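Accompanying notes for the structure given below.
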Amino acid sequence: SDPFRVMKGLIEAYRILKEEKPNIIFSKGGFVSVPVIQAAAVLKIPSILHESDLTPGLANKICVPFAKKICCNFPETLNYLPKEKTLLSGTPIREELRRGSKEEGQKLCGFSDDKPVVMVFGGSLGAQSINETVRGALEMLLPTYNIVHICGKDKMDNMRLSVPGYKQFEYVKKEMKDLFAMADVVVSRAGANSICELLALHKPNILVPLPTRSSRGDQLLNAESFERQGFSVVIRDEELDEDILTKEINEVYQNREGYIEKMKASGQHNAIDTIIHLIEELEK
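Following our numbering, the numbering of the sequence shown begins with 4 at its first residue and continues without gaps.
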């Protein structure tokens with residue numbers, strides 16, 4: 004980056020912090036954070052970094068020497084950072100997601116309580132490979148499960164709008180909490196925020212990470228970490244088909260209590276309390 008712009012950013016950050024006098028800085032990374040963390044160190048204001056991905060991003064790497072603590076999402080991240088500064092916290096999720104109603108979810112989808120629910124979503128844009136595979140597996144899945152499918156903008160299948168036990172949405176926002184409350188098993192991509200929601204809500208899940216050909220590979224690393232910790236089953240995108248998906252949904256549902264226990268026992272499932280406690284400790 005242009006050294007003059009970096010210096011300008013540092014001076015501006017120093018001036019603002021001197022005026023505002025914060026007790027502590029909490030940073031999620033990104034290059035705008037670098038001058039702020041550096042200026043805070045000059046002013047002896049303690050700072051906490053949060054690293055969402057398994058491998059630290061460049062901005063957070065630059066900030067590490069200036070920070071008091073670094074909160075991490077994955078146990079493997081601790082290997083890339085100074086041990087004395089790291090804390091395995093997980094990622095905070097929207098508190099509203101914990102306040103969902105199973106009954107509201109059932110009402111929204113028109114489901115009764117007679118079958119377990121599989122919830123499928125592929126991130127904000129949907130995921131073509133997941134969408135096609137789930138629809139191809141409906142005949143095998145619907146005798147046993149109700150399926151709610153968040154398929155992405157313009158990705159709904161109009162031929163299947165009235166299939167009993169199969170409810171499609173393009174996109175869901177405020178009702179997401181109720182769909183999560185209703186879901187027994189979730190099939191999802193493996194973005195850091197999405198999988199941390201699954202962990203915090205103790206939802207047994209099958210992760211289909213974005214293939215490395217269309218991403219930098221962070222979703223695959225995220226998914227493999229969750230599988231190692233016993234939270235998830237991973238199906239690679241290129242191996243995904245109707246038979247494999249049906250088999251894994253059945254196995255995850257049958258073994259759901261084991262997945263839930265592992266998630267409840269992890270240090271990452273209650274990130275908000277962990278991070279608030281750390282902030283209070285550093286403020287003393």
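All residues carry an ideal CB built from backbone N, CA and C; glycine is no exception. No experiment lies behind these values; they were computed from the predicted model shown.
Tyr169 (DSSP reduced to helix, strand or coil):
As a working mapping, residue 169 is identified with position 166 in the sequence shown. Tyr169 falls in the strand class under three-state DSSP.
Given this structure, state the Cα-to-Cα distance separating His280 from Ile27, to the nearest angstrom.
Along the sequence shown, read from residue 1 onward, the residue named residue 280 stands at position 277. Along the sequence shown, read from residue 1 onward, the residue named residue 27 stands at position 24. Distance between the alpha carbons of His280 and Ile27 is about 13 angstroms.
Taking the alpha-carbon positions, what's the Lys21 to Ala44 distance?
By one-based count along the sequence shown, residue 21 stands at place 18. By one-based count along the sequence shown, residue 44 stands at place 41. Cα to Cα, Lys21 sits roughly 12 angstroms from Ala44.
Leu13 in three-state terms, based on DSSP
What you label residue 13 is simply residue 10 of the sequence shown in a count that begins at 1. In this structure, Leu13 counts as helix in the three-state DSSP scheme.
Under 8 angstroms, with one C-beta from each stretch per pair, do the stretch 164–180 and the stretch 48–68 reach the 3-pair mark?
no
Counting along the chain, where does the beta strand (DSSP E) carrying Leu210 start and finish?
Numbered from 1 along the sequence shown, position 207 holds the residue referred to as residue 210. Leu210 -> beta strand (DSSP E) spans 208–210.
Quick one: using the 10 Å Cβ neighbour count with 16 as the cut-off for buried, is Ser36 buried or exposed?
For the purposes of this step, residue 36 is taken as the residue at position 33 of the sequence shown. Under this definition Ser36 is a buried residue.
Using CA atoms only, rank isn't needed, just tell me which of Ser165, Leu248, Arg138, Glu142 is closest to Lys158.
Within the sequence shown, the letter at position 155 stands for residue 158. For Lys158, the nearest C-alpha among the options comes from Arg138.
What does DSSP give as the partner residue(s) for Thr89 in the beta ladder?
Position 86 of the sequence shown, counting from 1, holds the residue named residue 89. In the DSSP output, where bridge partners are listed per residue, Thr89 has Ile73.
Between Asp244, Glu142, Val189, which lies nearest to Val166 when the distance is taken from Cα to Cα?
Taking the first residue of the sequence shown as 1, we reach residue 166 at position 163. Answer by Cα proximity: Glu142.
Considering only residues of the same chain and omitting the five flanking positions on each side of Arg101, which have a CB-CB separation below 8 angstroms?
Taking the first residue of the sequence shown as 1, we reach residue 101 at position 98. Closer than 8 angstroms at Cβ, skipping near neighbours: Lys180, Ala203, Leu204.
Between the stretch 86–93 and the stretch 108–121, do three or more beta carbon pairs fall short of 8 angstroms?
no
Under DSSP, the beta strand (DSSP E) around Val236 begins and ends at which residues?
Within the sequence shown, residue 236 is the residue found at index 233, counting from 1. 235–237 is the span of the beta strand (DSSP E), which, as asked, contains Val236.
Ala140: which of Lys11, Asn253, Asn258, Ala268 sits nearest, CA to CA?
Residue 140 sits at position 137 when you count from the first residue of the sequence shown. Minimum Cα distance to Ala140 is reached at Asn253.
Buried or exposed (CB count within 10 angstroms, at least 16 for buried), Pro6:
For this step, residue 6 is matched to residue 3 along the sequence shown. The residue is exposed, with fewer than 16 neighbouring Cβ atoms inside 10 Å.
Does the distance from the CB of Asp56 to the CB of Phe77 come in under 9 angstroms?
In the sequence shown, counting from the first residue as 1, residue 56 sits at position 53. In the sequence shown, counting from the first residue as 1, residue 77 sits at position 74. For Asp56 and Phe77, yes; Cβs fall inside 9 angstroms.
Pop quiz: Ala70 and Val39 are said to be a contact at Cβ under 8 angstroms. What is the actual Cβ separation, rounded to whole angstroms?
The residue given as residue 70 occupies position 67 in the sequence shown. The residue given as residue 39 occupies position 36 in the sequence shown. Wrong, their Cβ atoms sit about 11 angstroms apart, outside the cutoff.
To the nearest angstrom, how far is the alpha carbon of Val67 from that of Gly32?
As a position in the sequence shown, residue 67 is number 64, starting the count at 1. As a position in the sequence shown, residue 32 is number 29, starting the count at 1. In a straight line, the C-alpha of Val67 is about 11 angstroms away from that of Gly32.
Are Asn208 and Val236 touching if we call contact CB-CB under 9 angstroms?
Against the sequence shown, residue 208 aligns to sequence position 205. Against the sequence shown, residue 236 aligns to sequence position 233. Contact: yes.
Exposure label - Phe183; buried when at least 16 CB within 10 Å:
Walking along the sequence shown from the start, residue 183 turns up at place 180. It counts as buried.
From this set, Ile133, Lys170, Met185, Val123, which residue's C-alpha is nearest Cys112's C-alpha?
Your numbering for residue 112 matches position 109 in the sequence shown. Among Ile133, Lys170, Met185, Val123, the Cα nearest to that of Cys112 is on Lys170.
Give the secondary structure of His205 by DSSP, where H, G and I count as helix, E and B as strand, and everything else as coil.
For this step, residue 205 is matched to residue 202 along the sequence shown. If DSSP states are grouped into helix, strand and coil, His205 belongs with coil.
Does DSSP classify Ile96 as helix, strand or coil?
Here residue 96 is taken as the residue at index 93 of the sequence shown, counted from 1. Three-state result, Ile96: coil.
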